[in-house]
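What follows is a set of notes on a single structure, which appears directly below.
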Amino acid sequence: MHIVPPSFEVLDHLDHESLAVRIEFCGRICYKSEDKIDRDSALPFVTKMAEHGHNSVLEMGVVTLQVLCSDQQKVIDLFLTQPKYLHIDRQGDDLLVTGSVRAFREMLMFHPDCAMVRAMCSYLNRRHPYFFSTILPENGLKDDPTISVTKMELADVDRLPPEQRAKHRHIGVKFIVNRAITHEIVRHRPCSFLQESQRYCRYSDDKFGNEVTFIKPMFFEEDSPEYAIWHRAMLDTEKMYLQLLETSSPQAARTVLPNSCKTELIVYANLAEWRHIFNLRTTKAAEPSMREVMIPLQEEFKTRFPDIFH
Ligand SMILES: Cc1cc2nc3c(=O)[nH]c(=O)nc-3n(C[C@H](O)[C@H](O)[C@H](O)COP(=O)(O)OP(=O)(O)OC[C@H]3O[C@@H](n4cnc5c(N)ncnc54)[C@H](O)[C@@H]3O)c2cc1C
Numbered sequence: 078m079h080i081v082p083p084s085f086e087v088l089d090h091l092d093h094e095s096l097a098v099r100i101e102f103c104g105r106i107c108y109k110s111e112d113k114i115d116r117d118s119a120l121p122f123v124t125k126m127a128e129h130g131h132n133s134v135l136e137m138g139v140v141t142l143q144v145l146c147s148d149q150q151k152v153i154d155l156f157l158t159q160p161k162y163l164h165i166d167r168q169g170d171d172l173l174v175t176g177s178v179r180a181f182r183e184m185l186m187f188h189p190d191c192a193m194v195r196a197m198c199s200y201l202n203r204r205h206p207y208f209f210s211t212i213l214p215e216n217g218l219k220d221d222p223t224i225s226v227t228k229m230e231l232a233d234v235d236r237l238p239p240e241q242r243a244k245h246r247h248i249g250v251k252f253i254v255n256r257a258i259t260h261e262i263v264r265h266r267p268c269s270f271l272q273e274s275q276r277y278c279r280y281s282d283d284k285f286g287n288e289v290t291f292i293k294p295m296f297f298e299e300d301s302p303e304y305a306i307w308h309r310a311m312l313d314t315e316k317m318y319l320q321l322l323e324t325s326s327p328q329a330a331r332t333v334l335p336n337s338c339k340t341e342l343i344v345y346a347n348l349a350e351w352r353h354i355f356n357l358r359t360t361k362a363a364e365p366s367m368r369e370v371m372i373p374l375q376e377e378f379k380t381r382f383p384d385i386f387h
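All the letters of the sequence shown, read from the start, carry residue numbers 78 to 387 under this note's numbering.
See the structure below:
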């Protein structure tokens, strides 16, 4: 049995990677197969995800487009699709449209006749054909002379006024916490999530040290009688889990694993949603082990984006 403290990491380094690299990095957390990442692994991985429709993985990359359309009816038609998962703003004559790879794919699948959708997906398809190859309309995607689409670079997103930036700028955070905490975090529906799978991960394998990892509970002092009870319960649980694995699959054996089990969760959301999460999850009403990670994380956001988090 292994015991670790809770932790988090802001995934800034992914912001400067391609969509494929960041989607692969996040996607592999589910299977804990990060050891398979190499220079050439991203494209085959994301192509497989797109082909197999593992859509939540495709939420882990967003892009902001600047769209100029001289035909107002086509703009109205875009809004009539009720694009729930796109963030749309005006910037002068342009529209700013931010969405994940999944959001743009599903716009094309469900609204292939919308000129704005076709124009945006045509632009993205030229840059990232592997995301769209299996869902292209029969007659393909042609450019529309009344619509121009360009990508807004991250540096330009970061120069937007605070309230626009809060909507369009997305940040990923990897949490290593217990399962009770991730169960609460995933209630924040506007975020995208990927989590280590107890169905796939077999903790008796060498790569997990042949043991179960638990998160140290902040409720009990290490030399207290309560901590001793908790420690004994985890040892017993691990023993039963490993015993079940001798005859059963990980998804069956995991039924004995407790809330204290360590898990990894990537949360990807815009800054406005992070602000909302911190408002709910750092106050005295929030669960103490939630506050244990959310308060220091909020401090990191204040340092990075002082005009949005104060
Ligand atoms: C201190 C605390 C105690 C809690 N206790 C409990 C508890 O005892 N039991 C429990 O079940 N939960 C509990 N929760 C979870 C809570 O009910 C929320 O699910 C969670 O905090 C997510 O917050 P939210 O509702 O703002 O976010 P979300 O549900 O993610 O909503 C965010 C925004 O998305 C929009 N939205 C998303 N889906 C819909 C929809 N279907 N219809 C309309 N609008 C939508 C809304 O605009 C909303 O403002 C608790 C949370 C906290 C912080």
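Positions of the beta carbon are idealized from the N, C-alpha and C atoms, including for glycine.
Which same chain residues end up closer than 7 Å to residue i when comparing Cβ atoms and leaving out the 5 residues on each side of it in sequence?
i, result
"Phe23", "The question about residue 23 has no answer, for the chain in this structure spans 78 to 387."
"Phe122", "Glu101 and Gly104"
"Trp351", "Ile248 and Phe378"
"Gln275", "Pro327, Arg331 and Leu334"
Apart from the five residues on each side of it in sequence, which residues of its chain come closer than 8 Å, Cβ to Cβ, to residue i?
i, result
"Met371", "Ile354, Phe355, Arg358, Thr359 and Ala363"
"Leu135", "Ile100, Val123, Met126, Ala127, Ser177, Val178, Arg179, Arg182 and Phe208"
"His387", "Lys379"
"Ala346", "His247, Ile248, His265, Pro267, Cys268, Ser269 and Ile354"
"Glu94", "Phe102"
"Asp112", "Lys284"
Below 6 Å CB to CB, which residues in the same chain sit around residue i once its five sequence neighbours on both sides are set aside?
i, result
"Pro239", "Asp384 and Ile385"
"Ala196", "Asp221, Ile224 and Val226"
"Gln241", "Asp166"
Distance, Cα to Cα, residue i vs residue j?
i, j, result
"Thr332", "Phe252", "22 Å"
"Thr223", "Val344", "37 Å"
"Glu315", "Phe209", "44 Å"
"Lys244", "Ile292", "33 Å"
"Ala310", "Ala119", "41 Å"
"Arg261", "Glu273", "Note that residue 261 corresponds to Glu in the displayed sequence, not to Arg. Roughly 15 Å between the two C-alpha positions."
"Leu88", "Val250", "5 Å"
"Lys151", "Val144", "12 Å"
"Val174", "Arg116", "30 Å"
"Glu299", "Asp313", "18 Å"
"Leu91", "Pro302", "43 Å"
"Cys146", "Asp171", "8 Å"
"Ser110", "Lys284", "10 Å"
"Phe156", "Arg167", "13 Å"
"Val263", "Pro365", "17 Å"
"His79", "Asp233", "44 Å"
"Ala305", "Asp235", "49 Å"
"Pro214", "Leu142", "21 Å"
"Ile165", "Arg204", "21 Å"
"Trp307", "Ile106", "28 Å"
"Pro160", "Ser325", "44 Å"
"Ser133", "Leu237", "28 Å"
"Leu231", "Phe297", "44 Å"
"Leu218", "Ile114", "32 Å"
"Asn216", "Asp148", "22 Å"
"Val194", "Lys361", "44 Å"
"Glu376", "Pro83", "16 Å"
Report, in whole angstroms, the separation of the C-beta atoms of residue i and residue j, which I expect to be a contact under 8 Å.
i, j, result
"Thr158", "Met186", "The pair is not a contact, with the Cβ atoms about 12 Å apart (cut-off 8 Å)."
"Met295", "Glu369", "5 Å"
"Thr290", "Val81", "6 Å"
"Phe85", "Leu374", "5 Å"
Would you kindly check if the distance between the Cβ of residue j and the Cβ of residue i is under 8 Å?
i, j, result
"Tyr277", "Tyr108", "yes"
"Ser281", "Leu334", "no"
"Ile212", "Met367", "no"
"Asn287", "Thr340", "no"
"Cys198", "Asp154", "no"
"Gly138", "Leu96", "yes"
"Lys228", "Val140", "yes"
"Ala329", "Leu321", "yes"
"Pro327", "Arg279", "yes"
Can you have a look at residue i and say buried or exposed, based on whether 16 or more other CB atoms are within 10 angstroms of its CB?
i, result
"Glu323", "exposed"
"Gly130", "exposed"
"His188", "buried"
"Gly72", "The question about residue 72 has no answer, for the chain in this structure spans 78 to 387."
"Ser337", "buried"
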